[in-house]
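Everything on this sheet refers to the single structure shown next.
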Amino acid sequence: MKLAHVFIEHSTMHLDRTFSYGCDGFTVCRGMRVVVPFGAKEIVGFVERVEEISTQEAAAYDFEIKRIIRVLDEEPLLNEELFELANMMAKRYIVPRIACFQCILPAKLKPRSTAKCRKLETWVRYEKDIASLTKKQQVVLEAMKEAKEMLRTTYYQMYKSVGKKLISLGCVTVFEREAQAVLGCEEPSGPVFDLNAQQQHAVDAVLHHSAMVTLLHG
């Protein structure tokens with residue numbers, strides 16, 4: 046049996062521990078958000094860890110092991126650095142770890158029961174080939190087959206009436222997905238400057254210095 050240990054969304058000290066839920070049949074790992082039953086409600090939590098236990102070990106638990114209801118993320122939102130940061134914050138400021146996760150993440154990704162307010166985006170995906178397509182329709186469908194899926198607004202901007210016709214023919218299907226915040230940093234796209242010897246020496250000193258802060262003069 047696969048067991049997920051989950052921090053639930055209630056940020057109170059007496060609930061600052063993980064709760065165990067069965068997750069057989071789900072693709073779930075550390076750092077993902079899941080919806081779980083808690084009392085009579087469905088709430089959101091973060092998976093702290095996943096482990097395999099035997100049937101005998103499961104039977105030894107003194108409570109009924111409930112199952113998670115669904116997984117909200119395709120990939121973990123929290124990496125090891127963010128877990129370490131949350132643990133440090135919780136220890137230093139004496140707060141529940143789930144409250145630290147709520148501070149770390151963007152508002153739309155916070156582990157809270159906001160299913161009614163979640164923002165959905167409309168996407169399209171390649172579905173199938175059919176006979177008797179026009180040359181333009183075949184070109185667009187081949188492009189969608191390669192792209193697999195994209196936002197519907199982008200699809201309409203690129204393919205206009207041909208794209209709409211492919212939807213009506215069932216070659217491309219429309220579906221909704223929860224809007225995802227962009228996590229991480231984009232690569233800088235500005236101009237590249239050639240550094241002189243003194244500037245390069247300063248850059249190398251910053252990059253290879255073990256201290257967290259470097260003071261530059263001039």
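The sequence shown begins at 46 in the working numbering and counts up by one. Beta carbons are placed, not taken as given, at the ideal position from N, Cα and C, and that holds for glycine.
Original post:
With respect to the beta strand (DSSP E) encompassing residue 66, which residues constitute its N-terminal and C-terminal limits?
Top reply: 63 to 67
Original post:
For residue 185 versus residue 212, is the C-beta spacing smaller than 8 Å?
Top reply: no
Original post:
For residue 70, which of 150, 59, 97 and 58 has the nearest alpha-carbon?
Top reply: 97
Original post:
Should residue 151 go down as buried or exposed, given a rule of 16 or more other Cβ atoms within 10 Å for buried?
Top reply: exposed
Original post:
Shortest alpha-carbon distance to residue 92 belongs to which of 85, 80 and 167?
Top reply: 80
Subject >> residue 133: first and last residue of the uninterrupted alpha helix (DSSP H) it sits in >> reply: 125 to 138
Original post:
Going by C-alpha distance, which of 218, 206 and 175 is nearest residue 195?
Top reply: 218
Subject >> Boundaries (first-last residue) of the beta strand (DSSP E) holding residue 50 >> reply: 47 to 53
Original post:
What separation, rounded to the nearest whole angstrom, lies between the Cα atoms of residue 189 and residue 203?
Top reply: 11 Å
Subject >> residue 221 versus 207, 130, 166 and 254, residue with shortest Cα-Cα distance >> reply: 166
Subject >> 7 Å CB neighbourhood of residue 214 in its chain, flanking five on each side removed >> reply: 175
Subject >> Of the listed residues 187, 106, 128 and 143, nearest to residue 46 (C-alpha basis) >> reply: 106
Original post:
If you follow the beta strand (DSSP E) that residue 72 is part of, which residue opens it and which one closes it?
Top reply: From DSSP, residue 72 is part of no beta strand (DSSP E); its letter is neither H nor E.
Original post:
Quick one: what does DSSP say residue 223 is sitting in, helix, strand or coil?
Top reply: strand
Original post:
What whole-angstrom Cβ distance do residue 108 and residue 123 have, given they're in contact under 8 Å?
Top reply: That pair is no contact at about 26 Å.
Original post:
Grouping DSSP H, G and I as helix and E and B as strand, with all else coil, what is residue 208?
Top reply: helix
Original post:
How should residue 142 be labelled, buried or exposed, when 16 other C-beta atoms within 10 angstroms of its C-beta is the threshold for buried?
Top reply: buried
Subject >> Distance between beta carbons of residue 90 and residue 51, contact taken as under 8 Å >> reply: 4 Å
**OP:** Could you tell me the distance, in whole angstroms, from the CA atom of residue 251 to the CA atom of residue 133?
**Re:** 26 Å
Original post:
Does DSSP put residue 160 in a helix, in a strand, or in coil?
Top reply: Below a pLDDT of 50, predicted positions are generally treated as unreliable, and residue 160, at 46, falls in that range; the measurement from the model is reported next regardless. Note: residue 160 maps to helix in three-state DSSP.
**OP:** Look up residue 79 in the DSSP assignment and give the residues it is bridged to.
**Re:** 90 and 116
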